[in-house]
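A.B. asks: After the structure tokens below, expect a handful of questions from me.
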Amino acid sequence: MTTPFRLAPLGLAAGLLMVAGIASAQDRVSIGMQQEPTVLDPTADATASIDVITAHNIFESLTSVDESGAILPQLAQSWEVSEDGTVYTFTLVEGATFHDGSAFDSADVVFTFERAMGEDSVNPSKGIFGPVARVEAPDPGTVVITLSQPDAFFLFNIAQGDASIVAPETVETNTTNPIGTGPYKFDSWTRGDRLTLTANTDHRAYTEDMIDTVTFRFVADPAAAVAALMTEEIDAFPGMPAPETLEQFKADPRFDVVVGTTEGEVILALNNSKPPFDDIRVRQAVNFALDREAIIDGAYYGYGAPIGSFFPPHHKSYVDLTGVYARDVDKAKALLAEAGVGDLTVTLRLPHFPYAKRSGEIIQSQLAEAGIAVEIENVEWAFWIGEVYRKLNYDMTIIAHTSPNDLGNFARGPDYYYGYDNPEFNALWAEIRAESDPEALDALLKDGQRFVTDEAVHGFLFQLPKLGVYKTGLSGYWASAPVLFAPLKDLRWN
Amino acid sequence: MTLFLLRKLGTLAATLIAVSVIVFAVMNVLPGDPALVMLGLDSTPDAQAALREALGLNAPVHIRYLDWAGAVLQGDFGVSYSFDIPVGDLIAERLPMTLALAFMATLLTVTTALALGVFAAARHGRIADWGVMAISQLGIALPAFWLAILLVILFAVTLRLLPPGGFPGWEDPGAALTALILPTVSLTLVQAAILARVTRSSVLEVMRLDYARTARAKGLSRGAILRRHVLPNALIPIVTIIGLQIANLVTGTIVIENVFYLPGLGRLIFQSIANRDLPTVQALVLFFAAVVVVANFLVDLAYAAIDPRLRTG
Chain X
1 MTTPFRLAPL
11 GLAAGLLMVA
21 GIASAQDRVS
31 IGMQQEPTVL
41 DPTADATASI
51 DVITAHNIFE
61 SLTSVDESGA
71 ILPQLAQSWE
81 VSEDGTVYTF
91 TLVEGATFHD
101 GSAFDSADVV
111 FTFERAMGED
121 SVNPSKGIFG
131 PVARVEAPDP
141 GTVVITLSQP
151 DAFFLFNIAQ
161 GDASIVAPET
171 VETNTTNPIG
181 TGPYKFDSWT
191 RGDRLTLTAN
201 TDHRAYTEDM
211 IDTVTFRFVA
221 DPAAAVAALM
231 TEEIDAFPGM
241 PAPETLEQFK
251 ADPRFDVVVG
261 TTEGEVILAL
271 NNSKPPFDDI
281 RVRQAVNFAL
291 DREAIIDGAY
301 YGYGAPIGSF
311 FPPHHKSYVD
321 LTGVYARDVD
331 KAKALLAEAG
341 VGDLTVTLRL
351 PHFPYAKRSG
361 EIIQSQLAEA
371 GIAVEIENVE
381 WAFWIGEVYR
391 KLNYDMTIIA
401 HTSPNDLGNF
411 ARGPDYYYGY
421 DNPEFNALWA
431 EIRAESDPEA
441 LDALLKDGQR
451 FVTDEAVHGF
461 LFQLPKLGVY
471 KTGLSGYWAS
481 APVLFAPLKD
491 LRWN
Chain G
1 MTLFLLRKLG
11 TLAATLIAVS
21 VIVFAVMNVL
31 PGDPALVMLG
41 LDSTPDAQAA
51 LREALGLNAP
61 VHIRYLDWAG
71 AVLQGDFGVS
81 YSFDIPVGDL
91 IAERLPMTLA
101 LAFMATLLTV
111 TTALALGVFA
121 AARHGRIADW
131 GVMAISQLGI
141 ALPAFWLAIL
151 LVILFAVTLR
161 LLPPGGFPGW
171 EDPGAALTAL
181 ILPTVSLTLV
191 QAAILARVTR
201 SSVLEVMRLD
211 YARTARAKGL
221 SRGAILRRHV
231 LPNALIPIVT
241 IIGLQIANLV
251 TGTIVIENVF
261 YLPGLGRLIF
271 QSIANRDLPT
281 VQALVLFFAA
291 VVVVANFLVD
301 LAYAAIDPRL
311 RTG
């Protein structure tokens with residue numbers, strides 16, 4: 001940005017004012033978000049922004065994860081696992097308190113788990129509590145959780161916002177006035193505009209250099225997000241919705257542009273339950289017709305890594321399968337002919353996400369070259385959930401699966417919207433879930449990736465990148481998003 | 001006059017009932033289960049069922065409608081599914097901003113358009129007339145959201161004179177009004193352009209009539225003719241358009257509030273439809289319908305005030 005020369009005196013005055021205001025500016029940060037939360041209880045609603053704001057900031061879980069996805073202690077300071085992998089004994093931290101001043105102990109953990117597992121539970125990830133058989137509190141500082149079968153992802157799963165530890169006294173009002181044990185306290189929320197958190201000085205890990213006031217600003221429109229950053233109304237946009245504007249921010253010394261990874265695999269989902277995609281040859285033909293690099297360039301301006309299976313490239317068990325269906329239009333045509341579907345017309349139902357719309361048009365032209373005519377239908381999100389997801393009323397769709405460890409989606413049976421049901425894979429996934437040896441788990445996860453690629457269940461497109469724009473001088477944020485939440489406690493102004 | 005008022009009130013009630021039935025039916029026929037939207041793709045069927053039960057979604061549609069309508073008659077609009085607070089509170093915290101925006105936009109539209117329209121008509125065929133016509137043609141052609149983005153780039157990003165969006169709340173009225181300047185202007189421009197053209201042609205038409213010529217013949221000045229004879233008679237079509245535009249301005253806030261990320265009713269209806277937040281959508285659609293009906297009612301009253309011939313009946 002150049003300042004017109006005649007405005008220089010004004011700029012100087014503004015500069016002096018800024019120097020005067022620096023002490024207070026260091027104490028606050030405003031973060032832009034596209035999606036506004038609906039409620040503030042991460043155990044009651046799946047809206048992703050609830051987790052971003054509340055999980056591990058307002059609330060804490062027994063465990064946590066770091067930016068690489070590795071498990072860390074949190075409200076549990078340590079744990080022991082029985083030989084057979086079914087009994088977890090957690091030792092809780094001492095001296096933790098909820099924001100209303102009440103003490104945290106093992107009774108809160110038991111309450112939290114029983115509430116999430118209960119018959120009238122509306123926990124959006126109730127499934128992660130599925131393997132839990134019993135939760136007991138032998139003393140205030142210890143919790144023993146017994147599983148009905150070993151679960152390789154248990155410690156990871158209970159780090160999520162869905163397993164946030166809540167207190168029975170305040171649970172009913174957490175939707176509007178969340179009370180947790182975390183390093184930040186809820187301050188205020190002007191719906192439609194902003195939500196403010198303040199540092200919890202009573203937190204066991206509180207340090208004086210933590211940023212006092214964090215304000216989330218809700219800006220849904222990409223052009224408005226750019227303007228809000230350019231005018232420094234907001235200091236950071238960790239999930240920047242406009243990849244086409246990143247070059248502009250890279251060229252501007254006021255900003256850092258940070259490109260990281262997410263757990264979001266973008267797929268061209270094929271309805272395996274009905275013709276034509278119940279035939280593996282047709283699914284393979286679609287895969288041979290796709291040019292992933294062109295899709296990434298067109299849909300995400302080159303950000304994002306191509307994937308050949310349903311697995312994130314940054315994971316240590318990742319195998320690169322992008323070469324299995326390297327683009328080969330002739331092969332695609334041959335497979336279609338072999339399957340006896342010469343003139344194929346299918347519909348592609350696109351949800352309203354920019355990555356889906358942009359990928360959709362490119363895929364339409366790529367499939368046309370292989371002789372598959374694609375009719376695009378743009379649908380609203382609730383419609384997508386109702387028709388595509390619940391009723392399997394679709395041929396093809398494009399969607400990002402943002403949950404970690406979600407290879408098990410292919411074992412969710414014929415009613416799941418993939419329409420894919422393969423006893424062989426179901427057995428493999430059961431084996432993966434129960435495996436406690438890291439090396440054996442690694443090998444099994446690789447087998448799983450190869451399995452869904454060989455079956456060409458879907459067209460696997462690319463890993464959704466995390467595009468962040470931050471004001472220079474801000475540090476302590478996560479470049480990548482291994483989970484939905486994003487801790488604020490390490491944010492600093494340098 | 002009493003009969004007139006009663007008839008209008010009857011129309012209002014009938015319209016609101018019809019609107020509520022239609023919205024209730026549409027929201028129930030539209031695919032998309034509120035429980036699934038809230039709990040997300042990884043939720044288990046039993047958790048979805050528990051939420052549907054808690055929201056009261058298992059009762060038949062007509063029972064739910066009657067329950068809802070009965071509560072509304074007692075002033076209770078229910079609890080928002082997604083925000084988990086009373087819909088009345090949700091609307092009350094956002095209403096002032098949207099009303100202020102719509103009011104300022106209406107005021108600015110009417111004053112600018114009348115001034116420009118009469119000015120152009122008075123200078124019919126001259127440069128000033130052509131200038132106003134050209135600008136208003138451009139105004140009609142521009143989409144409001146696009147204009148809004150341009151205004152933000154110019155006044156917020158480049159000149160740094162005004163905020164790019166957001167709303168600081170009413171504690172500081174000066175800051176609040178400053179935040180509404182760009183949204184008001186973006187909302188106004190298209191409407192003002194249309195109204196200016198209508199004003200101009202209506203005034204021109206009346207100026208060609210015999211009595212205007214007679215007034216000129218008896219020696220009245222151009223200004224006096226405009227004020228005393230032309231404007232009052234030219235107002236009927238202008239008021240009709242204003243009535244339509246009030247409805248446009250209120251619904252126009254839906255787009256503008258999104259571009260300027262303002263916490264108003266427009267953005268709320270957008271969010272609540274996407275969330276299948278039935279109680280909130282119902283209340284908001286009723287509210288917007290009421291605004292349109294009331295605007296039409298005010299236009300009818302204005303007709304009666306302007307033209308004595310319309311007062312009978």
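Same order as they appear, the protein sequences are chains X and G.
When the letters of the first sequence are read in order and numbered with the numbering used here, they come out as residues 1 to 494.
When the letters of the second sequence are read in order and numbered with the numbering used here, they come out as residues 1 to 313.
From the three backbone atoms N, C-alpha and C, an ideal C-beta is built for every residue, glycine too.
Since we're looking at a predicted model, the values are computed, not measured.
(1) Under 8 Å, with one C-beta from each stretch per pair, do the stretch 229–245 of chain G and the stretch 200–208 of chain G reach the 3-pair mark?
(2) By how many angstroms is the C-alpha of L467 (chain X) removed from the C-alpha of A23 (chain X)?
(3) Tell me which residues of the stretch 220–238 of chain X have at least one Cβ-Cβ distance to chain G shorter than 8 Å, keeping chain order.
(4) Out of X:K446, X:N426, X:V65, X:V282, point me to the one whose CA is closest to L155 (chain X)'s CA.
(5) Assuming W130 (chain G) is part of the alpha helix (DSSP H), what are its boundary residues?
(6) If you measure between the beta carbons of D151 (chain X) and P178 (chain X), is that distance less than 7 Å?
(7) Let me see if you follow: with CB-CB separation under 7 Å, is E172 (chain X) close to chain G or not?
(8) Among G:N248, G:V132, G:R227, which one has its Cα closest to the Cα of R197 (chain G)?
(9) On the CB-based measure, 16 or more other CB atoms within 10 Å of its CB, does A535 (chain X) come out buried or exposed?
(10) Among G:T184, G:L220, G:N233, which one has its Cα closest to the Cα of V255 (chain G)?
(11) Which residues of chain X have a Cβ atom closer than 7 Å to the Cβ of I85 (chain G), listed in chain order?
(12) Exposed or buried, Q463 (chain X), counting other C-beta atoms within 10 Å across all chains shown (16 or more means buried)?
(13) Give every residue of the same chain whose Cβ lies closer than 6 Å to the Cβ of W429 (chain X), excluding the five residues on either side of it in the sequence, and list them in chain order.
(14) Taking DSSP as the reference, what is the three-state secondary structure of A23 (chain X)?
(15) Based on the DSSP secondary-structure assignment, which residues constitute the bridge partners of T38 (chain X)?
(16) Around the C-beta of G21 (chain X), are 16 or more other C-beta atoms found within 10 angstroms, so that it is buried, or is it exposed?
(17) Quick one: which unbroken alpha helix (DSSP H) runs of 4-plus residues sit fully inside the stretch 100–175 of chain X? Chain order, please.
(18) Got a sec? Which residues, its chain only, sit under 7 Å from L286 (chain G) by beta carbon, not counting five neighbours each side?
(19) Compare the C-alpha of T112 (chain G) against each of G:A193, G:M207, G:I269 and name the closest.
(20) Please return the same chain residues whose Cβ sits closer than 8 Å to the Cβ of V87 (chain X), not counting the five positions on each side in sequence.
(21) Taking the C-alpha atoms as reference points, what is the distance between V122 (chain X) and P45 (chain G)?
(22) Please report whether the beta-carbon of W79 (chain X) lies at a distance below 7 Å from any beta-carbon of chain G.
(23) From R228 (chain G) to T280 (chain G), what does the alpha carbon distance come to, in whole angstroms?
(24) Just checking, does the stretch 47–66 of chain X make contact with the stretch 248–257 of chain X on the three C-beta pairs under 8 Å criterion?
(25) On the CB-based measure, 16 or more other CB atoms within 10 Å of its CB, does D454 (chain X) come out buried or exposed?
(26) What's the gap between the Cα of G264 (chain G) and the Cα of F167 (chain G)?
(27) Compare the Cα-Cα distances from G192 (chain X) to each of X:Q74, X:L270, X:D221, X:A70 and report the closest residue.
(28) Between the stretch 282–293 of chain X and the stretch 328–341 of chain X, do three or more beta carbon pairs fall short of 8 Å?
(29) Quick check on Y81 (chain G): buried or exposed, where buried means 16 or more other Cβ atoms within 10 Å of its Cβ?
(30) Whose C-alpha, out of X:L229, X:I399, X:L461, X:D235, is nearest the C-alpha of A242 (chain X)?
(31) Could you pull out every residue in the same chain whose Cβ sits closer than 7 Å to the Cβ of G10 (chain G), ignoring the five residues on either side in sequence?
(32) Return no unless some Cβ of chain G is closer than 7 Å to the Cβ of A382 (chain X).
C.D. replies: The structure says:
(1) yes
(2) Because the pLDDT of A23 (chain X) is 42, which lies under 50, any placement of that residue in the model is unreliable, and the number read from its coordinates should be weighed accordingly. When rounded, the distance between both Cα atoms is 29 Å.
(3) A220, D221, A223, A224, A227, A228, M230, T231, E233
(4) X:V65
(5) 127–141
(6) no
(7) no
(8) Comparing Cα-Cα distances from R197 (chain G) to each of G:N248, G:V132, G:R227, the minimum goes to G:V132.
(9) There is simply no residue 535 (chain X) to check, as chain X begins at 1 and stops at 494 in what is shown.
(10) Closest by alpha carbon: G:T184.
(11) T176
(12) buried
(13) G408, A411
(14) Since pLDDT at A23 (chain X) reaches only 42, below the 50 mark, its modelled position is unreliable, and no value is offered.
(15) Paired residues: none, contrary to the question.
(16) Low confidence applies to G21 (chain X): its pLDDT is 41, below 50, so where it sits in the model is not reliable, and the reading given next is rough at best. Looking at its Cβ environment, which holds fewer than 16 other Cβ atoms inside 10 Å, G21 (chain X) is exposed.
(17) Annotation: the stretch 100–175 of chain X contains the following complete segments of the alpha helix (DSSP H) (minimum length 4 residues), in chain order: 106–117, 154–157.
(18) L16, V19, S20
(19) Of G:A193, G:M207, G:I269, the residue nearest in Cα terms is G:A193.
(20) Cβ-Cβ distances below 8 Å link V87 (chain X) to V81, V144, I145, T146, L147 in the same chain, with the five nearest sequence neighbours on each side left out; the list follows chain order.
(21) 10 Å
(22) no
(23) 48 Å
(24) no
(25) exposed
(26) 10 Å
(27) X:D221
(28) yes
(29) buried
(30) X:L229
(31) Excluding positions up to five away in sequence, the list is empty.
(32) yes
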